[in-house]
Amino acid sequence: MIDMSRRACCFVLAALLPLTIISSAAAQTLSPGAPESVGLSSERLQRIADAVQRSIDENRLAGAVTLVARNGKLAWLKAQGSLDKESGKPMPPDAIFRICSMSKPITSAAVMMLYEEGRFLLGDPVSKFIPEFKNPKVLVKPSSGQPYTIPANGEITIRHLLTHTAGLTYHWNPDLGPLYREKNVAHGILQYDGTIADSVRILAGLPLLFHPGEKYEYSLSVDVLGYLVEVVSGMSFDEFLRKRMFEPLGMKDTQFFVSGAGIERLATAYTWYEGKGLARFPAEPIVEGPMVYSADYPYRGQKKLYAGGAGLCSTAVDYARFCQMMLQNGTLDGKRLLSRKSVELMTQDQLGRLQPDMGFGLGFGVAGKTPLEELGSPGQYSWGGFFYTTFFTDPKEQMIGILMAQLHPTGGLNLDRRFWTLSYQALNE
2 MIDMSRRACC FVLAALLPLT IISSAAAQTL SPGAPESVGL SSERLQRIAD
52 AVQRSIDENR LAGAVTLVAR NGKLAWLKAQ GSLDKESGKP MPPDAIFRIC
102 SMSKPITSAA VMMLYEEGRF LLGDPVSKFI PEFKNPKVLV KPSSGQPYTI
152 PANGEITIRH LLTHTAGLTY HWNPDLGPLY REKNVAHGIL QYDGTIADSV
202 RILAGLPLLF HPGEKYEYSL SVDVLGYLVE VVSGMSFDEF LRKRMFEPLG
252 MKDTQFFVSG AGIERLATAY TWYEGKGLAR FPAEPIVEGP MVYSADYPYR
302 GQKKLYAGGA GLCSTAVDYA RFCQMMLQNG TLDGKRLLSR KSVELMTQDQ
352 LGRLQPDMGF GLGFGVAGKT PLEELGSPGQ YSWGGFFYTT FFTDPKEQMI
402 GILMAQLHPT GGLNLDRRFW TLSYQALNE
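In my numbering, the protein residues as written are 2 to 430.
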């Protein structure tokens, strides 16, 4: 270990003290490790805390938890600011967050577990398991006259769902979003009086935005995959994830709905609007055109929608255990969930560049080979969530970075991207 200044030594001690709250399941893998022992600079990691604190001091953020792991060790775990600003509750390292679309990689992994059991091929039509998707139609909106539908040029496959190329979309889409809302299609971040089966069956009867496989459109396709898991496994999606993934991985705080003492650790959601600044998320849902969303869905309402695309809540350490399983080619603490070849397939770019340096695999955004626009590595895979959570996993550097806060709208805050940069600049070898 390299020599450190007195200030750096004190920082390492302070950073590692909160790790005592980590579950015993994390003691085998992702146990605390001094940053220098895994090639990170404790002094440079402090820049993460400084950046988060500036956002808090500027009243852009109530609080956050950040995590950096490398070579199977937790080198950084820091909670800052408030869990609930109005009541003065400090943010704990084991705070629970609405991870929204960070549910998607988890759902995709669940699908791949069933794929490895030989239950289906990725090229199989989803209508083989969910008949309502048979013979899909595509919406046509002419320059004049009324919209109409035409038969799709093919069936939606499981691969299309995993890569968001099925022709589905989200409620914010101006062409289909209003219809989704009118027909009561769920999106996972609002109370819903029904199950994922109810919502997906309705969705299956609505037009597609384009022909399956034609292009990428971020969508409800992963919610369909959650229902596919139910149909194929014969278990509720909630039960499948709990028994087949969360319990084996020691993800004790990851669930769709939070109850009991967990509610006390659920971070409060905030909004940021120009001219209004940071404010507690309102009691009533926010309406943005056809998109309506709430913040109390994890603990209030019917609690029977297991939305694979957006519905999960988790902690930074729990999510790091999922990432570490992927980083270790499908295994964690001697328990194998996926084969190495499935992890390779999931983390390969399947579509070509969606952004200058980003493609998409099976459930993850994947960094392109050249050129990278920011610090990172080719092959790094990542995603984020609606309420300001983000993660990256880097096989080349054997590194995981996670930032979790609770903010939407964000007012253009770019702390999430700066966190990636600040994680990588801390590499010390």
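Don't be surprised by glycine CBs; every beta carbon is placed ideally from N, CA and C. Keep in mind the model is a prediction, meaning the values are calculated, not measured.
- Where Ala96 is concerned, there is no enclosing alpha helix (DSSP H), because DSSP gives it neither an H nor an E.
- Considering only Tyr228, Phe323, Glu218 and Ala317, the residue with the shortest C-alpha distance to Met246 is Phe323.
- Of the residues Asn174, Pro208 and Leu313, the one whose Cα lies closest to the Cα of Thr150 is Pro208.
- Only buried fits Leu363, as 16 or more other CB atoms lie within 10 angstroms of its CB.
- Runs of the alpha helix (DSSP H) lying entirely within the stretch 278-346 and spanning at least 4 residues, in chain order: 317-328.
- Taking a contact to require three or more Cβ pairs closer than 8 Å, the stretch 151-163 and the stretch 114-131 qualify as touching.
- Across the set Glu133, Thr164 and Ile197, the C-alpha of Thr164 shows the shortest separation from the C-alpha of Glu215.
- A distance below 7 Å separates the beta carbons of Gly310 and Leu221.
- Shown here, Ala205 sits in a helix according to DSSP, grouped into three states.
- With 16 or more other Cβ atoms from the protein chains shown falling within 10 Å of its own Cβ, Leu46 counts as buried.
- Taking the Cβ atoms as the reference, Thr67 lies roughly 26 Å from Ile287, outside the contact range of under 8 Å.
- Out of Leu428, Tyr217, Met400 and Asp199, the CA that lies nearest to the CA of Tyr171 is found in Tyr217.
- For Ala368, the enclosing beta strand (DSSP E) starts and ends at Gly366 to Ala368.
- Nearest neighbour of Lys74 by Cα position, chosen from Gly377, Gly64, Leu210 and Glu37, turns out to be Glu37.
- As DSSP reads the structure, Val141 sits in a beta bridge with Tyr149.
- The alpha-carbon of Ser424 is positioned some 37 Å away from that of Glu285.
- With a cutoff of 7 Å on beta-carbon distance, Val225 and Ile97 are scored as not near each other.
- Taken through DSSP and simplified to helix, strand or coil, Phe257 comes out as coil.
- DSSP, reduced to helix, strand and coil, places Trp421 within a helical segment of the structure shown.
- Remark: C-beta atoms of Leu376 and Thr422 approach each other more closely than 7 Å.
- A contact between stretches requires three or more CB pairs, one per stretch, nearer than 8 Å, and the stretch 259-275 fails this requirement with the stretch 192-211.
- Two segments are said to touch when three or more pairs of C-beta atoms, one from each, lie closer than 8 Å; by this definition the stretch 310-320 touches the stretch 101-111.
- In this chain, the alpha helix (DSSP H) harbouring Ala50 covers Ser43 to Asp58.
- The Cβ neighbour count for Arg354, taken over all protein chains shown within 10 Å, is under 16; the residue is labelled exposed.
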